[in-house]
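To keep things clear, I will list the structure first and then write my remarks on it.
Number of protein chains: 2
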Amino acid sequence: MHNFQALFDYVQKLSGETLSADDRQVFITHFKPKKIRKRQYFLQEGDVCKYTGFIVKGAAKTFTVDEKGHEHILKLSIENWWLADFESFYKLTPSRFNIEALEDLEILQITHSLVEEFIRPIPAFSAMQNVLSQNNTIAAQKRMQSSISQTGEERFQELVNDYPHFIQRFPQNLIASYLGLTPETLSRIRKNALK
Amino acid sequence: MHNFQALFDYVQKLSGETLSADDRQVFITHFKPKKIRKRQYFLQEGDVCKYTGFIVKGAAKTFTVDEKGHEHILKLSIENWWLADFESFYKLTPSRFNIEALEDLEILQITHSLVEEFIRPIPAFSAMQNVLSQNNTIAAQKRMQSSISQTGEERFQELVNDYPHFIQRFPQNLIASYLGLTPETLSRIRKNALK
DNA sequence: AAATACGCTTGATAAAAGTCAATCTATTTT
DNA sequence: AAAATAGATTGACTTTTATCAAGCGTATTT
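Protein sequences appear in the order of chains F and W.
Residue 1 is where the first sequence starts when you use full-length UniProt numbering, and the numbers rise one by one after that.
Residue 1 is where the second sequence starts when you use full-length UniProt numbering, and the numbers rise one by one after that.
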C-alpha cells in the first residue's frame, strides 16, 4: 500500500482542517500511485500535461530547451510539491516544458477533471488550494523581483538563505540554470564570494 | 454614483456566472470608491497593504527602490486589474513595495477581512478568484521563463506581441524597468531591431 | 513666454555574464 | 578494474548590459 499519509498531512497542514475517513477514502480512490525512475520523463514538450502529481519521494526539474540546445530550469521540485505544467494541465494544451525525474520519484497522480469532480468538493482540499495559491503568488512575485533587480551573485545568496536544502540536494549546474546563469558563471561567483 | 459596472462585468466575465441584484448590493455596500491623483501613492514601502483596489480607470506602477536609489518596476497595472501587494495584503505584514498612480486612478477598494466575510461567499466571486489564480500562475510562469532564458531584446519583443497596448500607454523608461533593463539599453535594443 | 521637468538618444567606458575549450575529479556503468 | 559519464573549475575571449555624461526635444509648470 502506497504512502498517502504524506498527502493527508500536507492537506491538513496547509488547510488547517481535518480529513475524515471518508475524505481519505476519496483521495485513495482517485489518486494513482506512480513511480518514475531517475532520468525518466513525467512530461515531454509538446504533450498535454494530463496529470498533476503530489511528490511523496524524490525530485524533478521542469525545463525548456532553447534553439541552441541549452536547458533552462524553471522549477526544481521535491517532496510535498505538486508536479505539473499548470498551463497545460488547466487548459489541456500542449506543454512547452519538460519534466524529468532527478531522483527516483514516487508520486500520487490525478487528472484535472477528477480533481474538479471529486477532490475539490472536499473542504479541506479547496482550503489548501487557496493557501497554496497565495503562497505561490507571493513566491512568484519575490522571484520575479529578484530577477529584474538583482545580480546573479545576489540571487544566489538569496537562494542560499531561503532554500539551503536545495543547494545541498542539487548539483551546481542545475542551481545555475534555475538562477538564469551558466555553470561557469556560478562557479566564479562562488569563488569570489569566498573572499 | 461610482461606476460599479466595470467590476460586475469583470466578475461575470471571468466566472462565467451571473450576479443577482442582491449580490451586486453586497459589492456596493463593501467596496469603497476612491480616487488617487497622478503621482500619489496607493501604498508606500513599510506600510501594510490594508486594501486591494479594482481599477476602474487609470494606471499604476508597483516598484521597489534599491540602495542606489534606482527604481525597479515589478508590475504595471491598468483597468480591470487588482491593485495590491498581495503578500502584505494576505499576511498584513509591512510591504517591500510602493504603488504609485501613473495616471489619475479610480478604484473600488476593500479590506481582506471584508472580502473573506462578505464577498468571497458570493459564488461568482470565488469562481472568478479561481480563474484569476490560474491566469496569474500561468502568466507568472511565462514571465519567469522569459527572464531566465531570453535576452533583453527577446523579452521586449515578447512584450510587444503579448501586450501591445502597454507599449503605447507607458513611456519607454517604465517599460525598460519592467523588463529588468535600463532605459539606455532598451533605447539601443529598439534602434538595432529597426534594421 | 520663460523656466523647468521629463523622456529619449548617443557616446565612451566598465561591469556582468556568456561562450568555447581544456582539465581534473568523482561517480556510475559496463 | 576499466571505461564512460557527469560535474566543477579555470583561462581566454566575446557579448550583453550597466553606468555616467551630455545633448535635445517636448510637455508642464509657473
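Note that the Cβ used here is the ideal one computed from N, Cα and C, for glycine as well.
No experiment lies behind these values; they were computed from the predicted model shown.
Close beta carbons around residue i, own chain, < 7 angstroms, minus the five adjacent residues each side
i	result
I122/W	D23, V26
N3/F	V56
T111/W	K50, Y51
E71/F	F63, V65, S177
I28/W	F4
Length of the line joining the Cα atoms of residue i and residue j
i	j	result
S113/F	T93/F	15 angstroms
Q40/W	Q109/W	16 angstroms
I167/F	K38/F	19 angstroms
E79/F	N161/W	37 angstroms
L83/F	E100/F	10 angstroms
residue 222/F	R169/F	Outside the shown range of chain F (1 to 195) lies residue 222/F, about which nothing can therefore be said.
I119/W	T52/W	13 angstroms
Q172/W	K191/W	13 angstroms
N136/F	Y10/F	15 angstroms
E45/F	F54/F	20 angstroms
E17/F	Q12/W	30 angstroms
R188/F	K91/W	38 angstroms
E67/F	F97/F	14 angstroms
L174/W	V48/W	25 angstroms
H30/F	A21/F	15 angstroms
V115/W	W81/W	16 angstroms
A193/F	E117/W	49 angstroms
F86/W	T151/F	25 angstroms
S95/F	P164/W	25 angstroms
L186/F	S126/F	40 angstroms
I138/F	G58/W	25 angstroms
Presumed contact (8 angstroms Cβ cut-off) between residue i and residue j, rounded CB distance
i	j	result
K35/F	E103/F	That pair is no contact at about 12 angstroms.
L74/W	M128/F	Not really, about 27 angstroms apart at Cβ, beyond 8 angstroms.
F89/F	A60/F	With a Cβ gap of about 15 angstroms, F89/F and A60/F do not count as contacting.
L19/F	A124/F	5 angstroms
T62/F	S77/F	7 angstroms
S149/F	S133/W	Actually they do not touch by this definition, with Cβ atoms about 25 angstroms apart.
Beta-carbon contacts of residue i that lie in its chain and below 6 angstroms, excluding the five residues immediately before and after
i	result
V131/W	L14
K32/W	Q109
Beta-carbon proximity list for residue i, same chain, < 8 angstroms, skipping 5 on both sides
i	result
S146/F	E154, R155, E158
Distance cut-off 7 angstroms: residue i Cβ against heavy atoms of the ligand NAP
i	result
R188/W	In terms of ligand content, the structure shown is empty, and the ligand NAP therefore cannot be addressed.
Inset, instruction - Return the chain-ordered ranges of every beta strand (DSSP E) run that is complete within the stretch 67 to 107 of chain F and spans a minimum of 3 residues. - result: Taking only runs of at least 3 residues, the beta strand (DSSP E) segments lying wholly in the stretch 67 to 107 of chain F are 71 to 77, 98 to 101.
Legend entry - Stretch pair the stretch 165 to 180 of chain W + the stretch 176 to 190 of chain F: three plus CB contacts closer than 8 angstroms: For the pair of segments examined, the stretch 165 to 180 of chain W was found not to touch the stretch 176 to 190 of chain F: the number of CB pairs separated by less than 8 angstroms stays below three.
Inset, instruction - Go through the stretch 118 to 182 of chain F residue by residue and report every complete run of the alpha helix (DSSP H) that reaches 4 residues or more, in order. - result: Listed in chain order, the complete alpha helix (DSSP H) runs (minimum 4 residues) inside the stretch 118 to 182 of chain F are 123 to 149, 152 to 162, 164 to 169, 172 to 178.
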